[in-house]
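Accompanying notes for the structure given below.
In my numbering, the protein residues as written are -7 to 344.
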């Protein structure tokens, strides 16, 4: 058994900061700690990697049940943090539904009128994303009550000092962390290990590679140094992570070893996926499909805002591609955050 701390809120409240500070505190107590995120692609993963955290992404299919969720928890840890971002979409609700205890992160400046601030945020998202006369039929707070029917502990951030309850001040001092809420989980995932391959990586990439390939060398965002290692063929597997801008291009395509690329636009001209803002989404129906339909079942109408999830992995596909992963020679291209577990299962990646 292990402890799980669910850390949830809307963006820009300090979730990642809270998770990393808690990870450091638990480690100082001698515990083995991993930081989890509801899968959100390249966003924030580099912060965890830069702070030397053991990071894992939890895919959407893991939200079907508590048992399914535990299949994606790596064995060998005493405690986990799990970062979840509230959103108007059903996928956020799918994660929250698994838990009874939530640590809700609230920036101190919004604490006096928190629900109104969240409502304004959700409404702004709704009005920006859809262009339809029926837009008002979408309640931007449709899953607020289901969240707050749980045991929710408020964690204030950006305070000037300690308050009555868990909080983090502007100097990143964590007060009263023992008052956080947690629950017990049973980790059931055992990843394969390949200690023989020489693996190099650059940019933001699924950190599970580091667990599978312990000898991985990360060049952070030093693409020049990475390309030099590529030219020198100093690897068996190269992982090209996301860099942010679709305008970035790499001049060399290596034919040595295996290469996995998480930003295909570095080599290919692929347009970003566009949604039809007039197509509304039935969020409760989408949530029901996530919970009950086989993985790969279309979650929403083609062309709707969240139709980027309509693929065999239920991974958000940023680009207008037929598949979120395909092979071309020695290269594997991924247009979404396709975890190495999937690539191994489907024969795109080898482990000795």
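Just so you know, even glycine gets a beta-carbon here, dropped at the ideal spot from N, CA and C.
Cα-Cα separation between residue i and residue j, rounded to whole angstroms
{"i": "residue 211", "j": "residue 222", "result": "12 Å"}
{"i": "residue 92", "j": "residue 193", "result": "37 Å"}
{"i": "residue 315", "j": "residue 303", "result": "7 Å"}
{"i": "residue 249", "j": "residue 220", "result": "15 Å"}
{"i": "residue 150", "j": "residue 94", "result": "19 Å"}
{"i": "residue 158", "j": "residue 225", "result": "50 Å"}
{"i": "residue 137", "j": "residue 2", "result": "15 Å"}
{"i": "residue 234", "j": "residue 251", "result": "14 Å"}
{"i": "residue 134", "j": "residue 80", "result": "8 Å"}
{"i": "residue 283", "j": "residue 216", "result": "44 Å"}
{"i": "residue 43", "j": "residue 9", "result": "11 Å"}
{"i": "residue 311", "j": "residue 265", "result": "5 Å"}
{"i": "residue 344", "j": "residue 187", "result": "8 Å"}
{"i": "residue 30", "j": "residue -4", "result": "13 Å"}
{"i": "residue 198", "j": "residue 330", "result": "8 Å"}
{"i": "residue 281", "j": "residue 153", "result": "45 Å"}
{"i": "residue 39", "j": "residue 45", "result": "9 Å"}
{"i": "residue 107", "j": "residue 141", "result": "14 Å"}
{"i": "residue 64", "j": "residue 178", "result": "10 Å"}
{"i": "residue 84", "j": "residue 61", "result": "14 Å"}
Rounded distance between the beta-carbons of residue j and residue i, thought under 8 Å
{"i": "residue 200", "j": "residue 51", "result": "The pair is not a contact, with the Cβ atoms about 11 Å apart (cut-off 8 Å)."}
{"i": "residue 82", "j": "residue 279", "result": "4 Å"}
{"i": "residue 99", "j": "residue 66", "result": "Incorrect: roughly 31 Å between the Cβ atoms, too far for contact."}
{"i": "residue 258", "j": "residue 166", "result": "With a Cβ gap of about 39 Å, residue 258 and residue 166 do not count as contacting."}
{"i": "residue 7", "j": "residue 97", "result": "5 Å"}
{"i": "residue 53", "j": "residue 231", "result": "Not a contact, Cβ separation roughly 22 Å."}
Minimum C-alpha distance to residue i - residue among the options
{"i": "residue 128", "options": "29, 274, 278", "result": "274"}
{"i": "residue 11", "options": "298, 160, 311, 317", "result": "160"}
{"i": "residue 76", "options": "44, 32, 14, 153", "result": "32"}
{"i": "residue 294", "options": "267, 49, 171", "result": "267"}
{"i": "residue 185", "options": "197, 202, 263, 69", "result": "202"}
{"i": "residue 263", "options": "239, 229, 337", "result": "239"}
{"i": "residue 237", "options": "255, 243, 97", "result": "255"}
{"i": "residue 56", "options": "48, 78, 87", "result": "87"}
{"i": "residue 104", "options": "133, 146, 208", "result": "146"}
{"i": "residue 171", "options": "14, 8, 338", "result": "14"}
{"i": "residue 0", "options": "148, 64, 329", "result": "148"}
{"i": "residue 307", "options": "241, 287, 328", "result": "328"}
{"i": "residue 19", "options": "338, 72, 59", "result": "72"}
{"i": "residue 58", "options": "168, 89, 155", "result": "89"}
Own chain, CB closer than 6 Å to residue i, minus 5 neighbours either side, in chain order
{"i": "residue 335", "result": "341"}
{"i": "residue 228", "result": "189, 190, 249"}
{"i": "residue 348", "result": "Because the chain here runs from -7 to 344, residue 348 falls outside it and cannot be looked at."}
{"i": "residue 218", "result": "194, 211"}
{"i": "residue 290", "result": "302"}
{"i": "residue 115", "result": "132"}
{"i": "residue 196", "result": "34, 37, 38, 233, 234"}
Residue range of the beta strand (DSSP E) that includes residue i
{"i": "residue 49", "result": "47 to 50"}
{"i": "residue 329", "result": "Taken as a continuous stretch (DSSP letters only), residue 329 belongs to no beta strand (DSSP E), as it is neither H nor E."}
{"i": "residue 319", "result": "317 to 320"}
{"i": "residue 230", "result": "229 to 232"}
{"i": "residue 250", "result": "250 to 253"}
{"i": "residue 11", "result": "Element bounds for residue 11: not the beta strand (DSSP E) but the alpha helix (DSSP H), 7 to 20."}
{"i": "residue 0", "result": "-6 to 1"}
{"i": "residue 193", "result": "191 to 194"}
Extent of the continuous alpha helix (DSSP H) run through residue i
{"i": "residue 241", "result": "Premise fails: residue 241 is in no alpha helix (DSSP H) and is neither H nor E."}
{"i": "residue 110", "result": "106 to 121"}
{"i": "residue 137", "result": "136 to 140"}
{"i": "residue 309", "result": "No alpha helix (DSSP H) holds residue 309; DSSP gives it neither H nor E."}
{"i": "residue 149", "result": "Counting along the chain, residue 149 falls outside any alpha helix (DSSP H), though it belongs to the beta strand (DSSP E) covering 143 to 151."}
{"i": "residue 202", "result": "200 to 204"}
{"i": "residue 222", "result": "215 to 223"}
{"i": "residue 287", "result": "Where residue 287 is concerned, there is no enclosing alpha helix (DSSP H), given that its DSSP letter is neither H nor E."}
{"i": "residue 40", "result": "37 to 42"}
{"i": "residue 61", "result": "58 to 62"}
Residues of its chain near residue i, where Cβ-Cβ distance is below 7 Å and the 5 sequence neighbours each way are ignored
{"i": "residue -2", "result": "74, 76, 91, 93, 94, 95"}
{"i": "residue 345", "result": "The question about residue 345 has no answer, for the chain in this structure spans -7 to 344."}
{"i": "residue 270", "result": "123, 124"}
{"i": "residue 318", "result": "325"}
{"i": "residue 24", "result": "68, 69, 70"}
{"i": "residue 241", "result": "258"}
Contacting residues, own chain, Cβ-Cβ under 8 Å from residue i (five flanking each side not counted)
{"i": "residue 214", "result": "194"}
{"i": "residue 272", "result": "122, 124, 126, 127, 129, 130, 296"}
{"i": "residue 260", "result": "325"}
{"i": "residue 183", "result": "66, 200, 203, 204, 333"}
{"i": "residue 247", "result": "321, 322"}
{"i": "residue 143", "result": "92, 93, 94, 173"}
{"i": "residue 117", "result": "79, 80, 132"}
{"i": "residue -7", "result": "176, 177, 178"}
The ligand ATP heavy atom lying under 6 Å from the CB of residue i
{"i": "residue 98", "result": "With respect to small molecules bound, the structure shown includes none, and the ligand ATP cannot be examined in it."}
Below-7 Å beta-carbon distance, residue i vs any chain D residue
{"i": "residue 130", "result": "Protein chains in the displayed structure number just one, and chain D is not present."}
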